[in-house]
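**Student:**
Numbering (the working numbering), first residue to last: 127 to 704.
Now the structure itself:
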């Protein structure tokens with residue numbers, strides 16, 4: 127049947143294609159016009175341009191349908207950076223139902239490069255250096271994948287030493303550097319300078335296997351591919367983080383590291399620090415990545431080897447991949463983001479935990495007043511999956527090397543940017559009040575001022591399973607008791623590893639035996655949840671201190687056992703407690 131007359135007129139009518147009896151197009155558009163999408167579908171990266179402009183082709187010609195087709199790929203800065211295994215999910219162009227959409231889907235995951243100009247001369251090594259190009263390090267791709275990256279660690283405190291021994295245990299050849307030669311000498315001899323479960327065994331294995339060594343010389347890091355910076359960032363008097371140690375390390379690394387190396391900041395630093403340090407080192411071809419730590423003292427080795435998540439903040443894809451490979455961990459959740467997001471995520475996590483703990487302590491004070499049991503209340507709360515049972519235990523407050531300084535630093539950052547953070551401020555105030563709450567409870571129970579009273583403090587570290595006394599709430603309670611006139615005798619299972627000067631500053635008399643510490647005591651205060659205290663013979667304690675009051679700030683004892691021994695028991699946030 128002959129084709130009918132074409133409806134309409136003008137230029138559009140002239141381009142109308144004839145149809146067959148089945149109304150199928152008999153004259154198809156040349157395949158070149160829709161062979162691939164009008165802009166690349168690979169993951170957006172800074173500095174990578176589209177090989178073809180959206181809409182018209184290079185010659186400015188219109189599409190066969192008579193209008194310019196525009197693709198909306200979405201803002202590259204808002205793509206999902208949180209990945210499992212580093213996979214990138216790029217935005218697809220809005221060309222659904224066309225051949226270009228099929229090409230886009232097929233292009234996902236394939237690197238797309240801008241076509242080289244035919245008349246372009248090959249790049250020279252000098253041109254690469256002028257452009258700031260860096261060498262391809264081990265393990266970053268290509269032939270380097272067959273070689274594991276060489277790892278360096280600066281600082282051998284809780285975070286640094288744990289990082290060094292765990293990375294070495296994963297098979298990475300590791301050099302750990304510290305400016306303290308005495309500490310380095312002890313580590314070379316296989317003596318762990320911190321008490322952490324499982325650390326000594328890994329230290330010995332690493333030294334014996336030749337994959338771990340220690341030095342006081344930064345020049346030993348010259349051949350490293352990735353260097354983890356694990357130095358302290360203490361709070362300054364006004365609350366902001368003191369970055370003197372970080373800045374010193376960055377300057378020294380800039381003098382020894384080779385071009386192409388990556389510096390991975392594990393130290394907790396204010397937002398923007400990673401980018402600032404990167405600017406210092408970029409002219410030397412050294413990249414800087416933020417990868418904050420989320421280790422718990424007492425569980426640091428297990429937390430490193432079985433993390434909830436690995437956070438890597440970087441704008442450089444190769445640098446992020448290299449840091450991930452340096453960890454030697456596989457099958458764990460990897461969260462990729464910007465350095466600023468990674469830095470703030472660390473502060474936000476610790477501040478939230480501090481708020482949760484302070485909330486529980488405030489709730490415990492209310493429970494004691496109304497006759498409720500804090501353990502029952504928090505058990506009900508923790509059964510809700512939105513809340514969770516972790517960090518819902520009452521105590522004398524929170525301390526350690528992270529929560530106090532990180533909450534102070536977060537408030538400083540918020541104030542600098544004129545943002546109110548009343549929740550964190552209230553949490554810090556509640557935490558400070560816990561020591562006074564203990565003193566008030568003892569004064570009320572004993573029925574007299576504490577001046578001249580003998581008080582036994584069981585537990586001096588900020589929590590069990592560690593020898594760390596930094597910002598310890600137990601020592602804060604001891605200071606408050608001593609300020610009220612009490613004589614404080616303290617015992618802790620980690621007493622041999624606690625600096626005597628620290629105890630002297632907090633007006634605590636160290637006693638190496640808990641029964642001798644409790645002799646003739648007017649009150650025994652349990653401040654740290656060591657399991658050794660739960661197994662004490664409280665009848666023996668009652669023989670030497672028959673009138674003692676046992677104040678259990680952690681609710682770690684069995685109240686019935688204490689009462690059966692003839693002693694008065696005060697729990698935290700329970701009826702007839704405090």
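Even glycine gets a Cβ: it sits at the ideal position worked out from N, Cα and C. All values reported here derive from a predicted model rather than from experimental measurement.
Using a threshold of 7 angstroms, state whether the C-beta atoms of residue 332 and residue 294 are closer than that.
**Tutor:** Taking the first residue of the chain shown as position 1, residue 332 is located at position 206. Taking the first residue of the chain shown as position 1, residue 294 is located at position 168. Cβ atoms of residue 332 and residue 294: closer than 7 angstroms.
**Student:** From which residue to which residue does the alpha helix (DSSP H) around residue 541 run?
**Tutor:** Position 415 of the chain shown, counting from 1, holds the residue named residue 541. Residue 541 -> alpha helix (DSSP H) spans 529 to 542.
**Student:** Thinking residue 356 and residue 281 are a contact (beta carbons under 8 angstroms), I'd like their distance in whole angstroms, please.
**Tutor:** In the chain shown, residue 356 corresponds to position 230, counting from 1. In the chain shown, residue 281 corresponds to position 155, counting from 1. With 8 angstroms as the limit, residue 356 and residue 281 qualify as a contact, their Cβ atoms being about 4 angstroms apart.
**Student:** In terms of residues, what are the limits of the beta strand (DSSP E) holding residue 451?
**Tutor:** The sequence position of residue 451 within the chain shown is 325, counting from 1. Run containing residue 451: none in the beta strand (DSSP E); it sits in the alpha helix (DSSP H), 443 to 453.
**Student:** Can you look up residue 582 in the DSSP assignment and give me helix, strand or coil?
**Tutor:** In the chain shown, counting from the first residue as 1, residue 582 sits at position 456. It is a strand residue.
**Student:** What number of angstroms, rounded off, separates the C-alpha of residue 75 from the C-alpha of residue 386?
**Tutor:** Given that the chain is displayed from residue 127 to residue 704, the structure contains no residue 75 and the question cannot be resolved.
**Student:** Residue range of the alpha helix (DSSP H) that residue 335 falls in?
**Tutor:** Reading the chain shown from its first residue, position 209 is the one you call residue 335. Unbroken alpha helix (DSSP H) run through residue 335: 325 to 335.
**Student:** Are residue 306 and residue 520 close, meaning C-beta to C-beta below 7 angstroms?
**Tutor:** Reading the chain shown from its first residue, position 180 is the one you call residue 306. Reading the chain shown from its first residue, position 394 is the one you call residue 520. No, the pair does not count as a contact, with Cβ atoms beyond the cut-off.
**Student:** Based on Cα-Cα distance, which residue from 602, 645, 641 lies nearest to residue 629?
**Tutor:** By 1-based counting over the chain shown, the position of residue 629 is 503. Cα-wise, what sits closest to residue 629 is 602.
**Student:** Identify every residue that forms a DSSP beta bridge with residue 366.
**Tutor:** Along the chain shown, read from residue 1 onward, the residue named residue 366 stands at position 240. The partner list for residue 366 (beta bridge, DSSP) is empty, contrary to what the question assumes.
**Student:** Under 8 angstroms, with one C-beta from each stretch per pair, do the stretch 618 to 634 and the stretch 554 to 565 reach the 3-pair mark?
**Tutor:** As far as the Cβ criterion goes, the stretch 618 to 634 does not touch the stretch 554 to 565, which means the pair count is below three.
**Student:** Just checking my contact of residue 472 with residue 418 at CB under 8 angstroms: how many whole Å lie between their CB atoms?
**Tutor:** To locate residue 472, count along the chain shown from 1; it is residue 346. To locate residue 418, count along the chain shown from 1; it is residue 292. Indeed, because the Cβ distance is near 4 angstroms, the residues count as touching under 8 angstroms.
**Student:** Straight-line CA distance for residue 694 to residue 555?
**Tutor:** Numbered from its first residue, the chain shown carries residue 694 at position 568. Numbered from its first residue, the chain shown carries residue 555 at position 429. Going by the C-alpha atoms only, they are around 30 angstroms apart.
**Student:** Less than 8 angstroms between C-beta atoms, sequence neighbours within five positions excluded: which residues of the same chain meet that for residue 606?
**Tutor:** Looking up residue 606 in the chain shown gives position 480. Taken in chain order, the residues that qualify are 561, 562, 564, 565.
**Student:** Can you tell me where the beta strand (DSSP E) holding residue 302 begins and where it ends?
**Tutor:** Mapped onto the chain shown, residue 302 falls at position 176. That run of the beta strand (DSSP E) goes 300 to 303.
**Student:** Smallest Cα separation from residue 486: which of 591, 311, 523?
**Tutor:** Along the chain shown, one-based indexing puts residue 486 at 360. Of the candidates 591, 311, 523, the one whose C-alpha sits nearest the C-alpha of residue 486 is 523.
**Student:** Inspect the beta-carbon positions of residue 494 and residue 703 and report whether they are closer than 7 angstroms.
**Tutor:** Within the chain shown, residue 494 is the residue found at index 368, counting from 1. Within the chain shown, residue 703 is the residue found at index 577, counting from 1. In contact: residue 494 and residue 703 (Cβ atoms closer than 7 angstroms).
**Student:** Tell me, which residues are paired with residue 439 by DSSP?
**Tutor:** The sequence position of residue 439 within the chain shown is 313, counting from 1. In the DSSP output, where bridge partners are listed per residue, residue 439 has 416, 463.
**Student:** Return helix, strand or coil for residue 361, following the three-state DSSP convention.
**Tutor:** In the chain shown, the residue the question calls residue 361 occupies position 235. Reduced to three states, the DSSP call for residue 361 is strand.
**Student:** When we look at the beta-carbon of residue 686 and count the other beta-carbons within 10 Å, is it buried (16 or more) or exposed?
**Tutor:** Reading the chain shown from its first residue, position 560 is the one you call residue 686. Exposed is the call here.
**Student:** Who are residue 695's beta bridge partners in DSSP?
**Tutor:** What you label residue 695 is simply residue 569 of the chain shown in a count that begins at 1. Residue 695 pairs with 676.
**Student:** DSSP beta-bridge partners for residue 614?
**Tutor:** Start at 1 with the first residue of the chain shown, and residue 614 comes out as number 488. Partner(s): 581.
**Student:** For residue 462, which option in 571, 449, 691 has the closest C-alpha, if you only look at C-alpha atoms?
**Tutor:** Counted from its first residue, the chain shown places residue 462 at position 336. Ranking the options by Cα distance to residue 462, first place goes to 449.
**Student:** Inspect the CB distances between the stretch 569 to 585 and the stretch 389 to 408 and report whether three or more fall short of 8 angstroms.
**Tutor:** No: fewer than three Cβ pairs fall under 8 angstroms.
**Student:** Using a Cβ-Cβ cut-off of 8 angstroms (strictly less than) and excluding sequence neighbours within five positions of residue 488, which residues of its own chain qualify?
**Tutor:** The residue labelled residue 488 in the question sits at position 362 within the chain shown. If we look at residue 488 and ignore the five residues flanking it on each side, its Cβ neighbours are 556.
**Student:** Measure the C-alpha to C-alpha separation of residue 338 and residue 302 and round it to an integer number of angstroms.
**Tutor:** Taking the chain shown and counting its residues from 1, the one referred to as residue 338 is at position 212. Taking the chain shown and counting its residues from 1, the one referred to as residue 302 is at position 176. Near 8 angstroms, if we compare the C-alpha coordinates of residue 302 and residue 338.
**Student:** Nearest CA to the CA of residue 362: which residue from 413, 507, 530, 406?
**Tutor:** The residue you call residue 362 lines up with position 236 of the chain shown. Ranking 413, 507, 530, 406 by Cα distance to residue 362 puts 530 first.
**Student:** Go ahead and label residue 527 buried or exposed: buried means 16 or more other beta carbons lie within 10 angstroms of its beta carbon, across all protein chains shown.
**Tutor:** Taking the first residue of the chain shown as 1, we reach residue 527 at position 401. Counting Cβ neighbours within 10 Å, residue 527 comes out buried, since at least 16 surround it.
**Student:** Under the assumption that residue 109 contacts residue 666 (Cβ atoms under 8 angstroms), give the Cβ distance between them as a whole number of angstroms.
**Tutor:** Because residue 109 is not part of the residues shown, which for the chain are 127 to 704, the question remains open.
**Student:** Might you give, ordered along the chain, the residues of its own chain that have their beta carbon closer than 7 angstroms to the beta carbon of residue 365, omitting 5 neighbours on each side?
**Tutor:** For the purposes of this step, residue 365 is taken as residue 239 along the chain shown, with counting starting at 1. Only 534, 535, 537, 538 meet the Cβ criterion.
**Student:** List the endpoints of the continuous alpha helix (DSSP H) containing residue 341.
**Tutor:** As a position in the chain shown, residue 341 is number 215, starting the count at 1. From DSSP, residue 341 is part of no alpha helix (DSSP H) but of the beta strand (DSSP E) over 338 to 341.
**Student:** Specify whether the stretch 575 to 584 and the stretch 408 to 418 touch according to this definition: at least 3 beta carbon pairs, one from each stretch, less than 8 angstroms apart.
**Tutor:** Taking 8 angstroms as the limit for Cβ pairs, the verdict is that the stretch 408 to 418 does not touch the stretch 575 to 584.
**Student:** For residue 390, which beta-bridge partners are listed by DSSP?
**Tutor:** In the chain shown, residue 390 corresponds to position 264, counting from 1. 354, 415, per the DSSP bridge assignment.
**Student:** Where do the ends of the beta strand (DSSP E) carrying residue 649 lie?
**Tutor:** On the chain shown, position 523 is the one that residue 649 refers to. Note, residue 649: beta strand (DSSP E), 649 to 652.
**Student:** Let's see if you can read the secondary structure: which residues bound the alpha helix (DSSP H) around residue 281?
**Tutor:** On the chain shown, residue 281 is found 155 positions in, with the first residue counted as 1. Element bounds for residue 281: n/a, residue is neither H nor E.
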